[in-house]
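Notes follow the structure.
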Amino acid sequence: MGRKVIWIIVIVLIIGIGYRVITRKENVDKKMRDVGEGLVPVAIQEVKSGDLELILSFVGDIKGEDQVTVYSEATGRLSRYLVEEGNWVKKDQVIALVDRAVTGMEFEEARVKSPLSGTVGRLYLDKGSTIGLETPVALIARMDRVKVEFSIPEKDMVKVSKGQQARVRVDAYPDRTFNGKVTRLSPVVDPITRSAYAEVTLSNPDHKLKPGMFAEIDIVVVSSKGAVVIPKEAILEDLNSKSSFVFVVEGGSAVRRSVEKGISQQGLVEVKSGLSFGEKMIITGQHYLEDGDRVEVVQE
Numbered sequence: 002m003g004r005k006v007i008w009i010i011v012i013v014l015i016i017g018i019g020y021r022v023i024t025r026k027e028n029v030d031k032k033m034r035d036v037g038e039g040l041v042p043v044a045i046q047e048v049k050s051g052d053l054e055l056i057l058s059f060v061g062d063i064k065g066e067d068q069v070t071v072y073s074e075a076t077g078r079l080s081r082y083l084v085e086e087g088n089w090v091k092k093d094q095v096i097a098l099v100d101r102a103v104t105g106m107e108f109e110e111a112r113v114k115s116p117l118s119g120t121v122g123r124l125y126l127d128k129g130s131t132i133g134l135e136t137p138v139a140l141i142a143r144m145d146r147v148k149v150e151f152s153i154p155e156k157d158m159v160k161v162s163k164g165q166q167a168r169v170r171v172d173a174y175p176d177r178t179f180n181g182k183v184t185r186l187s188p189v190v191d192p193i194t195r196s197a198y199a200e201v202t203l204s205n206p207d208h209k210l211k212p213g214m215f216a217e218i219d220i221v222v223v224s225s226k227g228a229v230v231i232p233k234e235a236i237l238e239d240l241n242s243k244s245s246f247v248f249v250v251e252g253g254s255a256v257r258r259s260v261e262k263g264i265s266q267q268g269l270v271e272v273k274s275g276l277s278f279g280e281k282m283i284i285t286g287q288h289y290l291e292d293g294d295r296v297e298v299v300q301e
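Counting from 2, one number per residue, gives the positions in the sequence shown under this note's numbering.
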């Protein structure tokens with residue numbers, strides 16, 4: 002009994018699917034029958050303006066625009082820190098004391114000073130730690146402005162230049178974009194990595210961006226505002242002349258129009274010449290057309 006019920010359900014499903022397919026085919030056939038004899042059915046779209054950008058993406062690390070590692074001028078042991086991480090300090094403010102005690106001799110504690118005004122980003126040592134002349138004691142950074150250090154592959158070097166706009170994103174604020182500019186681009190390529198050192202600098206008044214954060218950088222290489230923009234799929238390629246073209250509707254006929262392509266972004270292409278705003282461009286059915294074919298617009 003159970004199997005019989007299952008078979009009935011299967012048969013009903015098959016009939017239902019078959020009906021939908023037949024109905025859909027009849028609708029398509031009706032549209033085609035409605036098109037006049039000798040006319041090619043097409044869908045069109047009005048040519049409109051839009052903004053496009055050519056973007057290169059990189060990853061890098063955030064640092065304070067001015068950031069220094071502080072060392073002691075005297076050897077000994079760390080007596081104590083006079084500041085905490087996150088504190089703001091002035092230039093020449095004493096941030097740590099070093100016990101220079103030597104057996105049989107007495108010395109005044111050596112003072113470690115901050116070489117600039119900024120925020121204490123890191124205190125590296127524990128009380129009593131041995132300090133040499135090359136032992137890092139603290140990290141001080143100016144936080145109002147930060148920089149992102151990153152590398153540019155040699156193939157992209159010619160596309161990037163100082164002053165270009167950049168957008169920075171960090172994992173801590175996934176819904177926020179920070180704006181900056183390319184402020185440094187090394188003219189030398191590292192022979193090992195085949196890339197060049199670069200920096201983007203940006204304002205950081207609320208100190209949201211912290212030194213050490215991982216960052217994603219988008220550099221706007223080319224920007225086109227108010228450009229003629231069309232869907233990529235509307236463009237056809239002439240393999241013989243290696244040129245691009247589209248079809249527009251003029252007086253009920255398809256007219257082939259050569260176009261010069263510009264930048265592209267997310268399925269849209271800038272047309273630098275060959276089309277004007279307001280023209281009716283064919284976006285479906287263009288693959289079956291020849292210049293001058295009569296057409297009927299079935300979708301607009």
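Just so you know, even glycine gets a beta-carbon here, dropped at the ideal spot from N, CA and C.
Remember, it's a predicted structure, so these values are computed and weren't measured experimentally.
Beta carbon of residue i nearer than 8 Å to that of residue j
i: VAL99; j: ILE132; result: yes
i: LYS182; j: GLY164; result: yes
i: VAL41; j: LEU290; result: yes
i: VAL249; j: VAL260; result: no
i: ILE153; j: VAL161; result: yes
i: GLY65; j: MET144; result: yes
i: GLU155; j: VAL190; result: yes
i: ARG258; j: LEU276; result: yes
i: PHE215; j: ASP172; result: yes
i: LYS128; j: ARG81; result: yes
i: ALA139; j: GLY119; result: no
i: VAL270; j: GLU54; result: no
i: GLU126; j: THR76; result: One point to set straight first is that residue 126 is Leu, not Glu, in the sequence displayed. Not a contact, by the Cβ cut-off of 8 Å.
i: SER50; j: GLY227; result: yes
Rounded straight-line distance, which links the Cα of residue j to that of residue i
i: VAL272; j: GLY61; result: 34 Å
i: GLN300; j: ASN180; result: 42 Å
i: VAL229; j: VAL201; result: 31 Å
i: VAL71; j: PRO116; result: 8 Å
i: LYS209; j: ILE264; result: 34 Å
i: LEU57; j: ASP157; result: 8 Å
i: ILE63; j: LYS281; result: 49 Å
i: ARG295; j: ILE45; result: 14 Å
i: SER73; j: VAL121; result: 16 Å
i: GLU150; j: GLN267; result: 28 Å
i: THR184; j: ALA199; result: 8 Å
i: GLY253; j: ALA197; result: 55 Å
i: LEU79; j: GLU85; result: 15 Å
i: SER274; j: ASP67; result: 47 Å
i: SER242; j: VAL43; result: 25 Å
i: LEU186; j: THR194; result: 16 Å
i: ASP219; j: GLN166; result: 9 Å
i: GLU251; j: SER244; result: 22 Å
i: SER130; j: ALA97; result: 12 Å
i: VAL108; j: LEU83; result: The sequence given here places Phe at residue 108; Val does not occur at that position. So the two alpha carbons sit approximately 19 Å from each other.
i: LEU1; j: GLY87; result: Nothing about residue 1 can be reported from this structure: the residues present for the chain run from 2 to 301 only.
i: GLY39; j: PHE59; result: 53 Å
i: LYS92; j: PRO192; result: 39 Å
i: ASP292; j: VAL298; result: 16 Å
i: LYS31; j: LYS262; result: Note that LYS31 scores 49 on pLDDT, short of 50, meaning its location in the model is unreliable; the coordinates nonetheless yield the value given after this. Looking at the two C-alpha atoms, the distance is approximately 37 Å.
Strand pairing of residue i, partner residues [DSSP]
i: PRO116; result: Answer is none; PRO116 lacks a bridge partner.
i: TYR289; result: Looking at the DSSP assignment, TYR289 forms no beta bridge with any residue, so it has no partner.
i: SER58; result: ASP219
i: THR70; result: LEU140
i: ARG81; result: LEU98
i: ALA235; result: Partner(s): none; ALA235 has no beta bridge.
Nearest candidate by alpha-carbon position, reference residue i, set the options
i: ALA235; options: ILE220, SER130, GLU217, PHE246; result: PHE246
i: ASP52; options: SER242, GLY252, ILE231; result: ILE231
i: ARG101; options: THR70, ALA111, GLU150; result: ALA111
i: TRP89; options: PHE108, ALA75, PRO188, ARG123; result: ARG123
i: GLU238; options: HIS288, GLN266, ASP127; result: HIS288
i: ILE284; options: LYS233, ARG195, GLY77, SER254; result: LYS233
i: VAL169; options: VAL138, THR194, VAL221, PRO137; result: VAL221
i: ASP207; options: GLN68, ARG146, GLU135; result: ARG146
i: PRO137; options: PHE59, GLY39, VAL69; result: VAL69
i: ASN205; options: PRO192, THR178, GLU251, GLU217; result: THR178
i: GLU217; options: SER225, PRO192, TYR174; result: TYR174
Minimum Cβ-Cβ distance from residue i to chain D less than 8 Å
i: ARG168; result: Annotation note: the requested chain D is absent from the structure, which comprises a single protein chain.
Notebook entry, point to check: Enumerated in chain order, which unbroken segments of the beta strand (DSSP E) with a length of 3 residues or greater are wholly contained in the stretch 156-224?
Noted result: 166-171, 179-186, 196-204
Notebook entry, point to check: Curious, which full-length beta strand (DSSP E) runs of at least 3 residues does the stretch 247-300 contain?
Noted result: 254-266, 269-274, 281-285, 296-300
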